[in-house]
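Below is one structure, written out as structure tokens, with a few remarks after it.
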Amino acid sequence: MADAEVQRREVAAFLNSKGVETEVVNRMLNRCMRLQVASIDERLRPNWEFLEERIGVQKRKLPTIVGRCPQLLVLSILGKLEPTVACLEAIGAQGKELATVVTRFPQILVHSVEEKLCPVLAFLESLGVKQENLSKVLLHCPRLLSYSIDHKLRPTVEFLQSLGLTIKDIGRLLTHCPNIFGYSIENRLQPSIKFLQSLGIQKDELQRVVTLFPHVLCRKADKVFRPVVEHLRNLGFSSQQVASIAAGYPPVLIISIHHSLQPKLDFLVKVMRHPLADVVDYPAYFSSSLRRTIEPRYRKLQQRANSCSLSDMFDCNNTEFARRFPLANSPVLTSATVLKEA
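Start counting the sequence shown at 5; every next residue gets the next number (the working numbering).
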């Protein structure tokens, strides 16, 4: 018992010397019993150096990483850590990308290559995720490789298929928004879909929402969607108009009311003198930045006597806008100034 206590103190002293706080050290020792009896010279120090030198984890981040996953300090380098790193490198996670993946989700090094990583990677490839994109998926959502195929990944695929997405669609979605597979179907994805349906958004429109704006489904419907919908209705938009706006530009449901949605509507009505209803015909107006796009383009069009639709004004990049409206720059006005004057 005395020897065990001495060993525990030595391990704690080593971790303290590396910058791990005492409270975290105690938590690590309680979570990982093997850590209490690990040899400092044969296991802890080599593993620490492996994480820093072989993987490239920043020295200042190592205390946090081992605090989150103390098993990293007791696993065999040759038998466990090196094969896992080789697997990640084989799919393109090398250099800084490898360090980023491990920093974001250090538990990835604990999983078995044969029993976990390879089957999940094969499953992703079966959905059409190209091998050259696997590192991109891993970088955005390293936790994805820890999910159960039968209890997490496949049910999410089936849920997306029920919305009309094809396997090819799901493969593209995985490449651009792998985080969606981390959310609960019952507690997050399904309630979001039901809320959109309650607005009157049809199945073909839902399919477009999921395909083009999957991140919208990851937000809480009651906490995020509902306040925006109620705000729009309080402004006088009908239920049908709200549905048209949401279907036309779904991210409108997740933008800040006070910092984005309302300032843009104020500028539209009070400065540009457009009716509110114009955003029903062109909901993508909300995708433009007030400071960087809406306000500067409005200033350039002030010289024009005729009116301009929102789609003509914003459904183009800066080069196309300059071609459509070859006007000289007008005096610089800020949105704060013109709103105050209005």
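Idealized CB from N, CA, C, for every residue including glycine.
Report the three-state DSSP secondary structure of residue i (helix, strand or coil).
i	result
ARG47	helix
THR170	coil
GLY175	helix
LYS207	helix
GLY240	coil
VAL214	helix
ASP154	helix
VAL275	helix
GLN40	helix
ILE259	coil
GLN11	helix
CYS181	coil
Hey, quick one: how far does the alpha helix (DSSP H) through residue i stretch, first residue to last?
i	result
LEU125	122-130
GLU299	299-305
GLN266	266-270
ALA97	First-last for ALA97: undefined, no H or E at that position.
ILE197	194-202
PRO67	66-72
LYS134	Here LYS134 belongs to no alpha helix (DSSP H), and DSSP marks it neither H nor E.
VAL29	26-35
PHE318	314-318
VAL114	Unbroken run through VAL114: none, as it is neither H nor E.
SER78	For the record, residue 78 in the displayed sequence is Val; it is not Ser. Here VAL78 belongs to no alpha helix (DSSP H), and DSSP marks it neither H nor E.
PHE325	322-328
ASP282	282-285
Kindly examine the ligand MG and report whether one of its heavy atoms sits closer than 7 angstroms to the Cβ of residue i.
i	result
PRO50	You won't find the ligand MG in this model; it holds no ligand whatsoever.
If you pair each beta-carbon of the segment 285-295 with each one of the segment 262-271, do three or more pairs fall below 8 angstroms? yes
Any 3 or more C-beta pairs closer than 8 angstroms across the segment 191-199 and the segment 139-153: no
Pairs of beta-carbons, one from the segment 181-188 and one from the segment 140-147, closer than 8 angstroms: are there three or more? yes
Given 8 angstroms, three or more beta-carbon pairs between the segment 91-110 and the segment 56-70: yes
Looking at C-beta atoms only, is the number of pairs between the segment 80-88 and the segment 22-34 that lie closer than 8 angstroms three or more? no
So, do the segment 241-256 and the segment 205-214 have three or more beta carbon pairs nearer to each other than 8 angstroms? yes
Below 8 angstroms, can you find three or more Cβ-Cβ pairs linking the segment 187-195 to the segment 160-171? yes
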